[in-house]
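Residue numbers (the working numbering): 9 to 463.
Positions of the beta carbon are idealized from the N, C-alpha and C atoms, including for glycine.
Accompanying notes for the structure given below.
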Ligand SMILES: [Zn+2]
């Protein structure tokens, strides 16, 4: 069996002019390398070593004696060239009774297991946590906000730093939203024009203009791995003519975004998603989805849901919209959500989520646990020496009692916010892992039932 695999790998490599090794995966390839070096060494002129962590490629001539160890990164005179790899999405497994699926999104900075939850690092930081915490919890990707990073620190600082990854010293994938949601919900005096939207900063009242092309250029300065096209987000409730006008604007801006992206971006390094709007009107959602799909984006986002509409309407619109988005693309529900909202969307085939809720409620003392929400301020926990959640394996649950966590929260210690946030994000990480495992074992419906009793 092993020899067959090695032979097949050798045959494939024999057809290549170059061979790629990922430094983080090097141990897996060592045996394979040893095999083909003895068989096909003259056919392969170069070895490429790429590092997902540091984002470079070393090219090394095959004629020199070589065995793969990370220490070889110190080889003299390697050729360093830009790393190129297009974003790819592959479905791994489908739940037989729903549209839930597991998959992998490959980007130049790493692979993302889906369904995935992305913690929100609004201004280049996940509030109350360090990146050591984020690494420790083990997220594949984080989200940052284009609007906030544009306002502060601004593209000048980001360009000077070489993009957000090196600015933050964070080297996993980053997704950025388009800024549309913040402009329409946060900024003052926004006016929509054919070419974009004018608004005043929520910080100092200064006047700015976002065009579809300009928003992508900001996301280029950020260096995000997955970018979003500018959209006009609808509030709830909204009448149908207004939702239709926002849809038309969103679709037109998506077309201009797509053209700008294909014309002047390295599409292999920075992917672009279109955002489906249309309010709570099924025919408008269909129209918007069909227009975007005709533009052939690498992925699709659903915006303007979970903005105050009844739960039943959220479910109906999600299910309806999803049928018009291609099965072969990742599908991202923006700004969602709570465990029930996430489960409901996954049932209909959504792959990606982001939401400030787990971190925001943590700072207010509300914690997700395996038995439901818990308010750490409650008097019942004053002398409770048990862990926050006995089923949770996080640093906080392993080390501190409910009594202590209640005390530090009540007296306003900063560490209370840190511990609460850490636990809630750890919960989200394990929640998503549990969902993926359930889909893999054809047991998604059972998992939904379990959580419907808790949340
Ligand atoms: Zn915990």
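Those residues that bring their Cβ nearer than 6 Å to a heavy atom of ligand 1 are 396, 397, 400, 402, 404, 405, 431, 434.
Per the coordinates, the alpha-carbon of residue 236 lies some 43 Å from the alpha-carbon of residue 411.
Fully contained in the stretch 342 to 391 are the following alpha helix (DSSP H) runs of length 4 or more, in chain order: 347 to 355, 365 to 371. In the three-state scheme derived from DSSP, where H, G and I count as helix and E and B as strand, residue 258 is classed as helix. By the 16-neighbour rule on beta-carbons within 10 angstroms, residue 105 is exposed. If you draw a 10 Å sphere on the C-beta of residue 349, you find 16 or more other C-beta atoms in it, and that means buried. Spanning the alpha carbons of residue 215 and residue 208 requires a straight line of approximately 4 Å. In the three-state reduction of the DSSP assignment, residue 416 falls in the helix class, which pools H, G and I. For residue 126, the enclosing beta strand (DSSP E) covers residues 124 to 126. Annotation for residue 269: 224, 275, 280 place their beta carbon closer than 7 Å to its own, counting only its chain and skipping 5 residues before and after. The straight-line gap separating the alpha-carbon atoms of residue 163 and residue 144 is approximately 29 Å. Between the alpha carbons of residue 97 and residue 444 lies a gap of roughly 16 Å. Here the alpha carbons of residue 113 and residue 142 stand approximately 19 Å from one another.
Secondary structure remark: continuous alpha helix (DSSP H) runs of at least 4 residues inside the stretch 142 to 229, in chain order: 154 to 159, 163 to 169, 172 to 176, 188 to 193. Proximity to residue 298 across 408, 330, 391, 267 peaks at 330, based on C-alpha coordinates. Using a C-beta cut-off of 8 Å, the stretch 199 to 208 makes no contact with the stretch 170 to 182, since fewer than three inter-stretch Cβ pairs fall below that distance. Contact between the stretch 313 to 324 and the stretch 226 to 246 is established, with three or more Cβ pairs separated by less than 8 Å. Here residue 300 is near residue 308, since their CB atoms are less than 8 Å apart. Spatial neighbours of residue 119 in its own chain (CB-CB distance under 6 Å, excluding positions within 5 residues in sequence) are listed in chain order as 112. DSSP lists 282, 339 as the bridge partner or partners of residue 308. Contact check for residue 135 against residue 374 fails: the beta carbons are separated by 8 Å or more. Going by C-alpha positions, residue 355 is about 29 Å away from residue 256.
Here residue 422 is exposed. Its C-beta has fewer than 16 other C-beta atoms within 10 Å.
Segment contact: the stretch 121 to 138 against the stretch 380 to 399, fewer than three CB-CB distances shorter than 8 Å; contact not assigned.
With a beta-carbon spacing of about 17 Å, residue 370 and residue 407 fall beyond the 8 Å limit used to define contacts. Assigned with DSSP and collapsed to three states, residue 435 falls in helix. Looking from the CA of residue 259, the closest CA among 272, 233, 302, 227 belongs to 302. Distance check between residue 457 and each of 352, 238, 296, 360 places 352 closest, using alpha-carbon atoms only. Taking residue 167 as the centre and dropping the five residues before and after it, the same chain places the C-beta of 229 closer than 6 Å to its C-beta, in chain order.
Looking at the backbone, the Cα of residue 125 and that of residue 109 are separated by about 14 Å.
Residue environment: residue 277 is assigned as buried (16 or more neighbouring CB atoms within 10 Å of its CB, all protein chains considered). Of the other Cβ atoms in all chains shown, fewer than 16 fall within 10 Å of the Cβ of residue 138; this residue is therefore exposed. Per DSSP, residue 294 lies in no beta strand (DSSP E); the unbroken alpha helix (DSSP H) holding it starts and ends at 290 to 302. The Cβ atoms of residue 414 and residue 390 sit closer than 8 Å to each other.
By the Cβ neighbour-count rule, residue 211 is exposed, with fewer than 16 other Cβ atoms within 10 Å of its own.
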